[in-house]
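Step one of this worksheet: look at the structure below.
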Amino acid sequence: MLTVLRLLRIGWRFPEGSSETLGMTAVDDVNSPWHRIIPVPRTLLNQLNHELELELVQLHKEVLRAIQDMFRNHRRSKLLSATFATFLLLHVLELDAGRLIHWIRHKDPQLWIHPDRPDVLMQSSLSACDSLLCHYFIAFGARPVHEYQNSRYKSSLHGRDMAIAEELEMCISQHGTSCGLM
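The sequence shown lines up with residues 225 to 406 when you count with the numbering used here.
Written out as structure tokens, the structure reads:
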């Protein structure tokens, strides 16, 4: 998901100094985020972005299905996996929100091709984040974050899981108070 989103965020353009640009020229508008960039032709841009968006939707569904299974089972053994999967999905949604904020601030109707406006997509993304966090807390509660510091819980982990738990504990101790986790 991160790779697909990254490709959507950087856009499609010809490399600097490219000998073949399919007749496209650099954007001269100094107010455009594409200033001095040679974009690919509009039809090609639309097709490439559409394929990426379809892939992103499919990956999003797969990740949500996996997270939903973890939430439904409420098993403490899946707490670490559920926490990381939730965090990564929230991170992807946050990065996508940044892309949408860019389009809200830099209205460029020639390049925005999605049928919905960026602000509508932003609201949908925020609702998805709220829903995901609510489901996490319904499934595991607020207490599980403190369990990472529980020595009995940590002793049940082995190898790589133990290293991940220690990293998460360090992250929680550094940032947990600012977001209400501790």
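The beta carbon of each residue, even a glycine, is placed where N, CA and C say it ideally should be.
It should be emphasised that the depicted structure is a prediction, and the values quoted were computed from it without experimental measurement.
Please state whether the Cβ-Cβ distance between C320 and L246 is less than 8 Å.
Numbered from 1 along the sequence shown, position 96 holds the residue referred to as residue 320. Numbered from 1 along the sequence shown, position 22 holds the residue referred to as residue 246. Rather than Cys, the amino acid found at residue 320 in this sequence is Asp. No, the Cβ-Cβ distance between D320 and L246 is not below 8 Å.
Starting from L231, follow the alpha helix (DSSP H) in both directions and report where the run begins and ends.
One-based indexing of the sequence shown puts residue 231 at position 7. Start and end: L226 to I234.
How long is the line joining the alpha carbons of N297 and L280, rounded to whole angstroms?
Here the question's residue 297 lines up with position 73 in the sequence shown. Here the question's residue 280 lines up with position 56 in the sequence shown. Rounded to whole angstroms, N297 to L280 spans 26 Å at the Cα level.
Spatial neighbours of D343 in its chain, beta-carbon cut-off 7 Å, leaving aside the 5 residues before and after
As a working mapping, residue 343 is identified with position 119 in the sequence shown. Excluding positions up to five away in sequence, the list reads I328.
Could you name the residues that DSSP lists as bridge partners for R260?
Numbered from 1 along the sequence shown, position 36 holds the residue referred to as residue 260. In the DSSP output, where bridge partners are listed per residue, R260 has none listed.
Take the Cβ of S402 as the centre, count every other Cβ of all protein chains shown within 10 Å, and call the residue buried at 16 or more, exposed below.
The residue labelled residue 402 in the question sits at position 178 within the sequence shown. Summary for S402: the model assigns pLDDT 43, below 50, so the residue's position carries little reliability, and this model does not support an answer.
Looking at the strands, I want to know which residues DSSP matches up with R218.
Because the chain in this structure spans residues 225 to 406, residue 218 falls outside the shown range and cannot be described.
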